[in-house]
Amino acid sequence: MGNIVSIVLTILGALSWGLLLGGISRTVTARIHGRMGPRVTQNFIDMWKLFKKTSSIHHGGMFWMAPMFRITGAICVLLMVPLVIGNSITYNMSFAGDIFLVIYIMFFGCLGMALGAGNSGHPYAVIAVSRGLAQMSSYELSFSIAVVAIAVGLKTFRIEGIVEAQQAGILSWNIFRFPFASAGALIAFLPMQMAYPFGIVLAPQEIPIGPPTEYSSRFLSFMFSGRALFGTAKLILFVSLLFGGASNWISLLVKTFLLYMYPVVVSSVFPRFRTEQSIRFLWFVPTSLALVDLIRVML
Amino acid sequence: MVKALAIFLPLLGAFINAWLPGKSPKASRVVSYLMLTAGLIAVIMLSIQLGAWNLRDLSDSVILSTGVGSPPLSINLEITAGGTLAAIVMYAATIFSLHRFALTTPKSQPLILALLTASLGLLFATDIFNSFVFLEIGSIVTIGLTAACKCGSRWEAAIKAALVSGLVTILYLLAVAVLYRSTGMLTLAALGNVSGASAVIVAILLLTVIVTEIKAFPLTGWGLDFYQGTSSIVAGLYSATWSLAVLLWAAKVLPLLPIGNPIIYAWIGAAGLVFSQLAGLRASSSGRIMGYSTSAYASLLLVAAGTTTGAFYTQTVIVLMIFSSIAKFSLFMLGNPEKKDQWSGFGTLLFLVPILLLAGIPPLPIFWAKFAFLAHLASGFPVIFYAVLAGLLLEAVYLFRFWSARSEKTGEKSAKRPSAVAAVLLMLLASVWITRMSWGALDFSGSIIESAGLRNIFHGLFAIGTLLCLPGVFNRIGREKSYWFWLLISGAALTILPAAGNGLTFYLLWEISAFAAVIGVSKGTAASKGTFWYAVFASLSGYLLLGGILLSKGSFAMAGVPAVLITIAALVKMGQFGTHLWNVRTYPAAPGTLPAFLSGTSSKAAVLLLVAVAVNSSSASLPWGRVIAWIGALTALGGAILAALAPDYKKMLAHASVSQLGYILMGLGLASILGWTAAIYHTIHHLIFKMALFLGAAGVLYRTGTTEFNNLGGLVKKMPWTFAFTLISVISFASIPPLAGFGSKWLLYNGLIEQGWLPVLIVGMFASVVAFLYSFRLLHGVFLGQLSPKNAHAKEAPLPLLIPQALLAMAIMVLGFKPTILLNFLVPVLEKIGLSGLAPVIQGDMVLTTMGTWNAWMVGLMVMGLFGFAFVFYWISGHKPKYVGQLDIGFAGEMPPSADEVHYSNNFFRPYQRALSFLPKIHAQKIFSGVNKTFNMLGDGVRALFTGDGRTYLAHSLIFLLLLFVFLNGGM
Amino acid sequence: MYCNQRPEKPGVKKGMLEKINNMARANSLWVTAYGTGCGAIELRPLGTSRFDMERFGIAMRPTPRQADVLIISGYLATKTLKRVIRVYEQIQDPKYIIALGSCTINGGMYFDSYNTLNVLDKYLPVDVYVMGCMPRPEAVIDGFSLLMQKIKDGRAQGWKHYKENLDYYRENQKKIITDWDLPDYNW
Amino acid sequence: MTAQSLFYWSLVVTAAGLVLIGLWGVLTRKNILRIALAFTLADTGVNLILVWSGFLPNRSAPIVDASVTSMVDPLPQALVLTSIVIGVAVAALFVVVGVLASRKSGSADVRRMKELRW
């Protein structure tokens, strides 16, 4: 029962935290631009407004179900990662699988969203999916190398085990024990968060906002909440993988906040790659970084 | 009395015919038929008397003496048991071709009967000079028949035959003179008595004569020109009577020649086989192709003469020569493809059986002879064995090209060719007969794979895979022809395959399965190319398998070269690493549900083969497991990228199939329990999802008539169930939890990490991510996006295609949510084999390895629970969106002009392709066309020998003679 | 191929919840990035650091599906009207129109042009007019704040009016668009 | 050298010469009829060799009458008869086919009869 409560609270908390972080990031970006920016609660208002629009359209079954896929996929990732180490009630479902399961279940939501975009019939949506998948297949390369290097180095695939192995002080964090793999993973984190210079999926200037082009009203609000959840889940995953996890709630919030600001800041100062440039960059730079640690682990 | 009748009735008929007035063709036909039928009966009686039908001992004989003296002044014939079988064929061929001669050249009846007489005489002759007489009669009649036929190049063909026969006369008589001078005798047995310098002279003269007459390389040229130039009827009769007689006569003489070590025949034959078949690759006219095939069998005769003796020699030669002659007879009787004969249905089968016979496909008779013969070669003459294998493979290539070029010219009119029908029936009867006799050599005890659990898995897979393809066989489109029979045969052979107890049985079932599928593929639309590639690669893997099995003496406990050969055979069958070309060409061309069978079920035979090799080896591992795993990994990656860029639904699935098979290889290469668990798991999983996908593709093709992405899209509205099943399969093969695909990847990665094969792991993981590219492309290109107006009439796929898909989708769900059902069965089975590594621990729904955990049931519950919750939330929140069509999109205030213009499908992953552009473009196609070009060049080089100038052929014979002289003198 | 159904007439919603909803709507105005005339140039500075419309929660959306507000920026040519109708009808309810400049009120300096609509109200339900030729960004922001006030008060009901009187608007629109090929309602 | 051995050797030399000339002619001549002639020459030579194969010194011809006590082997001579007959038939056929073939190709040149090749 406690587990169920924990799961519900985790979902709600992650949603709020994700939306709040989104609002903060909009403000931060505005300040970098020299603007005032919206309220930090702006994302909540937007969500509410979208949720309460009185009409909406859909283009078919997959279009209809895509937000469900998206939210389900995001929550699955969220629940597979233990939140606060030592507090076993916050481990949620993480006993059911290891890091490989998390890597693959991340695609669940992506595929769902891609299917919805495809079903919408809008060419831009599909172009964006094509770009997104191409890019995803590229950054997953370096990310999976980094994960394998860390997991093999620590001799466990269980995320819990990976976090526990980092509890011996700040220098035992994987970012210091596996600096190259971490660098690779952190570069892969940028396209994961659709940050510039890798923001080719949503590219508002050429394929107006990509996959959710046709999504309106309540569908869009589901999409946004899915994105917020997924973003939070990825943050927690990265914190667990590289930054020693969290031993209490404060450190979880602080670490995820700081990690969230990294793509926001990078994103604000970079222009965008072309698709093939992005793919090639991701093939070579982060991959070769991550490979260094993989070779180290192998030897 | 019977003996005499059997031989001389045709002669009598010829004389009567010659004296009959020319204006009564009917009477002469009656006479001919009477004489021939009576003769045929006599020969059959003789053969029964001599016990020829058991094919065990063919050397029994009776002597037929004529006249008062002894040979050479009179004619004495020794009627052997084997010879009577050939005589039956000759008689039958003459009878069945008579009506066609009667149609075209009614006056040629005496010639035909004379040809038969000469053939029979030569077949049974015991004397050198008698043989000379028959040889001359045969040549003269052949030239006469050619000159009498109605085709453009007859004079040229005749003059070349005449030139060669003139030279042969001279050389032969010289040999006769020397022999007589040396021994004072002219019987064939006298050849053994000659010694010293005379022996060399006699040997080289007669060998040259024989090689020229049987048209073995390099003295083939005149035969090629003759077969090409003469009419197909003459060529058919010629090959079934005179050519057969010459071959068997040569078989009789060759062992008697005073040549020292007969291995020289085998060398000439083996080299000739390779070179002539190289040149054969370039042949295009049917006559010439048959000529090259004749040359191949003549070379085989030489090899047999050089390497075997006694009853085995007789048996091999009789079966090989008789049945190749029948095959050529029926092919010639079917006419020239240049004349654009059209046929369909039974006609194509008529054409196919002889081709398969010539290529030595089981259970046709030549297969048995070739198998025994090659086994003999493998045991003692490895180099010759390899050369013969290579030559036979080349022969198969051009024969299948001939067939596939032919099968394209199908039409409405069915040819009525009783002669060919009779020949094909004869071949089929003979194959039943010979198979029955060889039945004892087969072994269905399953002793190749000792583990009954593994065997049962594969039995079940093959049976289920075949059964699920069967309901949809009648949902064919347009020009596709009925293929269910071949699907059934192929599936049945596969289903029995795991029970094979020895190499012969395994190879037999393997080839039956492969070539039944080849025939099935030929029933598709525009299938000629697909058929050709499939046939060629099936032959390649078949011959590699054969080589491996024979080199290890029929057992699967092997190492070294045989194991490598067999592994390569399996890789070719799986389409790995460059050989994917055949998959990519075959699957799109195959009709209806056949691609599902090929990709889902048939390719698993290769997995079975690898398993068989591994479980019989000492350490339960494949040779060079690491290399195999790398091949698997690279193929998985390359196949995935190619699949993402493929422009056609079925082509994409073919690439994807190759890619997914790569994972099985990675698992098998590991040789640990985890790896094998992953491999077998993925084998089952691949069968399930690939069949579902291909059945879905069959449905789409059936309803829309196309599989090109450019013409598809938006079908989800029209075919929702097909889409749903395809979606489940796609999610599964993209290895997204909670469906079945994740399990195989998880087990595989655990296995790879356990063994420390991290680079392989990385490539494999990368490939699995690239799989997302094509999985989305597949769903979008066919089902999502805009519905093209071309497909507005499409509707849901028919039930026979849908129900199997539904079952498979259910299997995916079950396997995904409760993989422990399978693992609980599989892991104990694999633990007994003796693999290295630790087995995964299964606790309830939890699967544990040393490093990872996986609870599929909990994951499944979580995903389904969340999904269900979201679903309910949708409903109760009162959200009622309005459904609008795909064209109602925000399109800058405009209305999309047409669905086709807003459907993004062409060059879908263009940016990816651009990003890949730094790679040199290594197309497997280019490599293979390079190979093709090389072979063509070699073939051109070889066939430059055959200039077409008759005198060149004479020069070839003389040079051959001189070389023999130098060689044998040097040797002595 | 196109959905041809007529829209249902929206019901009236009142109460506390609706007020909260209206607050949210007013503070999150998403604008279709669609310029119909010269006034579009005045919208660009709104996003810059000087005027920064984001502080009011106003954002540009590239697709009508996700927008709330359509800005008719200046004179509306007869040719453009068809596109504007389609864009407007594709926006999901509730939706608002801000009309910029004199031309939208009475034709402005183009009042006697053969191709400019003089009174926009007859063709589309305008919620807020912003006068000027052209109105400066400050004026546009002023217009937005007016719209926000109207929404908060529940008075921005142009979209309802449009749906209820679709026949009237269609009749007027069809007078201008002689080659009418749009569906009955652009979903 | 006795007359017998002179005869013996002249037989051998003539026969061998005829065969060689014939083969040379077959290989080098281009006219189809000349080739036929060359074949006939070679044929004759071969027949002589056949006769030679039964040749025994100091024997008479195998025509049996009272005066003959020892004769050469009669068998080859019988065979030669057959061979000659066959040779005639072959030659006749060759010439017929050659003439008709040259009519078809418009020339008796064997090099022009290369429609069928490779």
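Those sequence lines, one after another, are chains U, S, L and G. Counting in the working numbering, the first sequence runs from 420 upward without gaps. Counting in the working numbering, the second sequence runs from -11 upward without gaps. Counting in the working numbering, the third sequence runs from 1216 upward without gaps. Counting in the working numbering, the fourth sequence runs from 2 upward without gaps. Glycine residues also receive a C-beta, built at the ideal position from the N, C-alpha and C atoms.
**Report entry** Opening and closing residue of the beta strand (DSSP E) in which N843 of chain S lies
**Finding:** 841 to 843
Requested in this report: In the DSSP assignment, find the beta strand (DSSP E) that holds Y1311 of chain L and state where it starts and stops.
Outcome: 1311 to 1315
Query raised in the report: Excluding five sequence neighbours on each side, which residues of the same chain lie with their C-beta closer than 7 Å to the C-beta of G664 of chain U?
Result: I504, V582, Q585, V658
**Report entry** Among L:H1376, L:Q1307, L:N1236, nearest to V1284 of chain L - alpha-carbon criterion
**Finding:** L:Q1307
Query raised in the report: What is the DSSP secondary structure of S49 of chain S, reduced to helix, strand or coil?
Result: strand
Query raised in the report: Hey, I661 of chain S and L818 of chain S: beta-carbon distance below 8 Å or not?
Result: yes
Query raised in the report: Across which residues does DSSP place V835 of chain S in a beta bridge pair?
Result: S:I830, S:W842
Query - Every unbroken beta strand (DSSP E) inside the segment 1238 to 1301 of chain L [3 residues or more] - result: 1245 to 1247, 1274 to 1276, 1284 to 1288
Query raised in the report: Are A584 of chain S and M707 of chain S touching if we call contact CB-CB under 8 Å?
Result: M707 of chain S sits away from A584 of chain S, with the two beta carbons spaced by 8 Å or more.
Query raised in the report: In this structure, does DSSP put W331 of chain S in helix, strand or coil?
Result: Reliability fails at W331 of chain S, whose pLDDT of 48 lies under 50, so the model's placement of it is uncertain and no value is given.
Report task. Spatial neighbours of I522 of chain U within its chain, please: CB distance less than 7 Å, with the 5 preceding and 5 following residues excluded, ordered by chain position. Result -> S563, V566
Report task. Would you verify that the beta carbon of E326 of chain S is, or is not, closer than 8 Å to some beta carbon of chain G? Result -> At E326 of chain S, the pLDDT of 42 sits below 50, so the modelled position is not reliable; the number obtained from the coordinates is stated separately. Judged by the 8 Å Cβ criterion, E326 of chain S is not in contact with chain G.
**Report entry** Where the alpha helix (DSSP H) through Y637 of chain S begins and ends
**Finding:** 637 to 658
Query raised in the report: Is A634 of chain S helix, strand or coil by DSSP?
Result: coil
Query raised in the report: For G516 of chain U, which of helix, strand or coil comes out of DSSP?
Result: strand
Query raised in the report: Is any beta-carbon of chain U found at less than 8 Å from that of G969 of chain S?
Result: Any property of residue 969 of chain S remains undetermined from this structure, which presents chain S solely from -11 to 960.
Report task. Consider the Cβ of A701 of chain S: report whether some Cβ of chain L lies at a distance smaller than 8 Å. Result -> It should be noted that the sequence gives Gly, not Ala, for residue 701 of chain S. So, not an interface residue.
Query - For W612 of chain S and V190 of chain S, the rounded distance between their alpha carbons - result: 53 Å
Report task. Quick one: which residues of the segment 937 to 960 of chain S get their C-beta closer than 8 Å to a C-beta of chain G? List them in chain order. Result -> D937, G938, R939, L942, A943, L946
Report task. Leaving out five residues on either side along the sequence, give the residues of the same chain with a beta carbon under 8 Å from the beta carbon of A92 of chain G. Result -> A37, F40, T41, D44
Query raised in the report: Any beta-carbon of chain L closer than 8 Å to the one on Y615 of chain U?
Result: no
Query raised in the report: Of all the options S:K868, S:N843, S:N957, S:N42, which has the alpha carbon lying nearest to the alpha carbon of F470 of chain U?
Result: When C-alpha distances from F470 of chain U are compared across S:K868, S:N843, S:N957, S:N42, the shortest belongs to S:K868.
Query raised in the report: What are the residues that DSSP puts in a beta bridge with E66 of chain S?
Result: S:I51
Query raised in the report: How about S435 of chain U: is its C-beta nearer than 8 Å to some C-beta of chain L?
Result: no
Report task. May I ask you to report which of helix, strand or coil DSSP gives M613 of chain U? Result -> coil
Query raised in the report: CA-CA distance, G701 of chain S and M1349 of chain L?
Result: 47 Å
Query raised in the report: Where D329 of chain S and L322 of chain S are concerned, what is the direct C-alpha to C-alpha distance, given to the nearest angstrom?
Result: With a pLDDT of only 46 at D329 of chain S, under the threshold of 50, the placement of this residue in the model should not be trusted; the figure read from the coordinates follows. Going by the C-alpha atoms only, they are around 9 Å apart.
Query raised in the report: Can you list, in chain order, the residues of its chain whose CB lies under 7 Å from that of S103 of chain G, leaving out five sequence neighbours each side?
Result: If you ignore the 5 residues before and after S103 of chain G, its C-beta comes within less than 7 Å of the C-beta of I33, A109, all in its own chain and listed in chain order.
Report task. Could you tell me whether any Cβ in chain U is nearer than 8 Å to the Cβ of W391 of chain S? Result -> no
Query raised in the report: L101 of chain G versus chain S: which residues are under 8 Å apart at the beta carbon?
Result: A135, W143
Report task. May I ask which residues mark the beginning and end of the beta strand (DSSP E) holding Y1344 of chain L? Result -> 1343 to 1345
Query - Outcome for A347 of chain S when other beta-carbon atoms lying within 10 angstroms are tallied against a minimum of 16 - result: buried
Query raised in the report: What residues of chain U sit near A858 of chain S, judged by a beta carbon separation below 7 Å?
Result: M487, I490, T491
Report task. Ignoring anything shorter than 3 residues or poking outside the segment 633 to 700 of chain U, list the beta strand (DSSP E) runs there in chain order. Result -> Listed in chain order, nothing qualifies, since the segment 633 to 700 of chain U has no complete beta strand (DSSP E) run of 3 or more residues.
Query raised in the report: Within 8 Å (strictly less), CB to CB, does L439 of chain U reach chain L?
Result: no
Query raised in the report: Hey, how far is the Cα of F682 of chain S from the Cα of R489 of chain U?
Result: Taking the straight line joining both Cα atoms gives about 28 Å.
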